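These notes are about the structure you will find just below.
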Amino acid sequence: MKLKFKKIIASALTFSVLTLSASSVYAEKLPENENVVDNFSYDRDIKDENNNVIGVITTDVTREVIVEEDGTKIITLEKDIVEDYIKGEDEERTKVDEFKITASGEYYFNGEKLSEEFLNQTYTGPENTLKASFKGESGGYLAEYKEISQDYYKLESYKTANFWLDRSSAKTYTSTYVGMEDFGPKISIFIGRADGVEDARDQVSFLTSALIAELGVTAVTVTTVIGAIAAGGVAAVTASELMDASADGLEDLEKAYNLIKNI
0 MKLKFKKIIA
10 SALTFSVLTL
20 SASSVYAEKL
30 PENENVVDNF
40 SYDRDIKDEN
50 NNVIGVITTD
60 VTREVIVEED
70 GTKIITLEKD
80 IVEDYIKGED
90 EERTKVDEFK
100 ITASGEYYFN
110 GEKLSEEFLN
120 QTYTGPENTL
130 KASFKGESGG
140 YLAEYKEISQ
150 DYYKLESYKT
160 ANFWLDRSSA
170 KTYTSTYVGM
180 EDFGPKISIF
190 IGRADGVEDA
200 RDQVSFLTSA
210 LIAELGVTAV
220 TVTTVIGAIA
230 AGGVAAVTAS
240 ELMDASADGL
250 EDLEKAYNLI
260 KNI
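Position 185 (the sequence shown) corresponds to 184 in numbering that gives the first Met the number 0; numbering is contiguous.
This is how it looks when you write it as structure tokens:
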């Protein structure tokens, strides 16, 4: 029995699909010594396992930049997130992220200092850690499920990955074999998580390509992404959504891994 459980937060396949409130963001980079508050938003379709649109997720962002006397920048993103389903099942939540860039070049995210290794992670394009032949059908980006016989599955996942969701250490890999009769609900949950990782990875790839075009650069690191958020403009919108996609994928990946470990 082939299972279909995933809810797809659809990543745009063309730049025209990415909806930005361009009138509410600065078109040019702001002076580095100015405090600012501005707003922007981005929308994405929510699709079911048959690729039918079942709703829209909208993120309204208030971006505040404070420049302290010593040159330290505090960038706060307050996000009001609404999942608006056609059937009326709306979900709302608020998320606040804070970046700090010190005058000496140190970076902090939500109070945690970011390492040079993390900041220097460079986008190099997709690299499937697991078998590419299953992509789109059964995960395939770091978390994967295979129906190896009637109602019997192999589940496999890494615990974590880099910012771009394109590679991980083999030390964090785990797998198991389970049947629908005993573990049906957990298999269903794992399928949703694995598909979520795949969808997030596709979105990261698209948004990174968009950011490269907007900034006119040939390579992007995590430092570039944070810098774009700090600078403002259309690139800040793309960079903010890119951060969300990475975080969502990493969360789904860890939950997929933990589900296997707890079976």
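Note that the Cβ used here is the ideal one computed from N, Cα and C, for glycine as well. No experiment lies behind these values; they were computed from the predicted model shown.
Practice prompt. Can you tell me which of 60, 54, 52 puts its alpha carbon nearest to the alpha carbon of residue 36?
Written response: 60
Fill in: Span separating the alpha-carbon of residue 196 from that of residue 67
38 Å
Worksheet item: With distances taken between CB atoms, is the gap from residue 107 to residue 117 smaller than 8 Å?
Response: no
Discussion item. If the criterion is Cβ atoms closer than 8 Å, does the pair residue 141 and residue 167 meet it?
Written reply: yes
Worksheet item: For residue 41 versus residue 236, is the C-beta distance shorter than 8 Å?
Response: yes
Discussion item. Which runs of the beta strand (DSSP E) at least 3 residues long sit entirely within the segment 33-106? Give them in chain order.
Written reply: 35-46, 52-66, 72-84, 90-100
Discussion item. For residue 3 and residue 74, what's the separation of their Cα atoms in angstroms?
Written reply: Unreliable positioning characterises residue 3 in this predicted model, as indicated by a pLDDT of 39, which lies under 50. The coordinate reading is nonetheless provided below. Residue 3 and residue 74: Cα-Cα distance of roughly 40 Å.
Worksheet item: So who's on the other strand from residue 151, going by DSSP bridges?
Response: 148, 178
Discussion item. Taking the straight line between their C-alpha atoms, what separation do you get for residue 221 and residue 103?
Written reply: 17 Å
Worksheet item: What number of angstroms, rounded off, separates the C-alpha of residue 70 from the C-alpha of residue 101?
Response: 7 Å
Worksheet item: Apart from the five residues just before and just after residue 241, which ones in its own chain have a Cβ nearer than 7 Å to its Cβ?
Response: 203, 206, 207, 210, 224
Discussion item. For the alpha helix (DSSP H) containing residue 257, name the first residue and the last one.
Written reply: 233-260
Discussion item. Excluding the 5 residues flanking residue 152 on each side, which residues of the same chain have their C-beta closer than 8 Å to its C-beta?
Written reply: 144, 145, 146, 176, 177, 178, 179, 186
Fill in: Coarse secondary structure for residue 142, derived from DSSP in three states
strand
Fill in: Environment of residue 160 [buried if 16+ CB atoms lie within 10 Å]
buried
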